[in-house]
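S.K.: Just dropping this structure here.
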Amino acid sequence: MYCTKCGKELEPTTAVCPACNAKTGLAPLPEQEKAEQETKNRFAVLWEILGFFFPLVGLFCFLGWRKSRPLRGASCGVGAVFGGLLFLSMAYFFAIFYFFLLMIGAGVTIGMV
Ligand SMILES: [Zn+2]
């Protein structure tokens, strides 16, 4: 890899050309990386909330962004897991609740209660 401005040979991990200080685009600049990280952190909670309330949407976001936007995808995945668990536990609770109602109802019909 060579510098696009001065043509000097560069290390594959150099962010700035040592000869002319031009950005090489080979490695992210620390400042850019930091700003990007902050943006990701700021929005991570939003994606978690989205995944929490819409586990299916979160799941699809997780699968879709798994490669292109791993952090955002992970946030959606985390939200989807918690939302999904809540949904399953509620479904489980209601299943048991209706089962007991059914049992009581059955008991009443055969004169046990
Ligand atoms: Zn250069």
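Each residue of the sequence shown is one higher than the last, beginning at 1 in this note's numbering. The beta-carbon is built from N, C-alpha and C at its ideal position, and this holds for glycine as well. It should be emphasised that the depicted structure is a prediction, and the values quoted were computed from it without experimental measurement.
1. How about the segment 73-82 and the segment 40-50: do they share at least three Cβ pairs that are nearer than 8 Å?
2. What are the partner residues of residue 11, as DSSP defines its beta bridges?
3. Start and end of the alpha helix (DSSP H) containing residue 84?
4. Does the beta-carbon of residue 83 have 16 or more other beta-carbons within 10 angstroms, so that it is buried, or is it exposed?
5. Opposite residue 23 in the DSSP bridges: which residues?
6. Report the rounded CA-to-CA distance for residue 86 versus residue 63, giving the unit in angstroms.
M.R.: So, from the data block:
1. yes
2. Within the sequence shown, numbered from 1, the residue matching residue 11 stands at position 11. Answer is none; residue 11 lacks a bridge partner.
3. Translated into positions along the sequence shown, residue 84 becomes position 84. Run containing residue 84: 70-109, per the alpha helix (DSSP H) assignment.
4. For this step, residue 83 is matched to residue 83 along the sequence shown. Flag for residue 83 reads buried.
5. Within the sequence shown, the letter at position 23 stands for residue 23. DSSP, once it has assigned bridges, lists 16 as partnering residue 23.
6. Taking the sequence shown and counting its residues from 1, one reaches residue 86 at position 86. Taking the sequence shown and counting its residues from 1, one reaches residue 63 at position 63. Between residue 86 and residue 63, the C-alpha separation is close to 20 Å.
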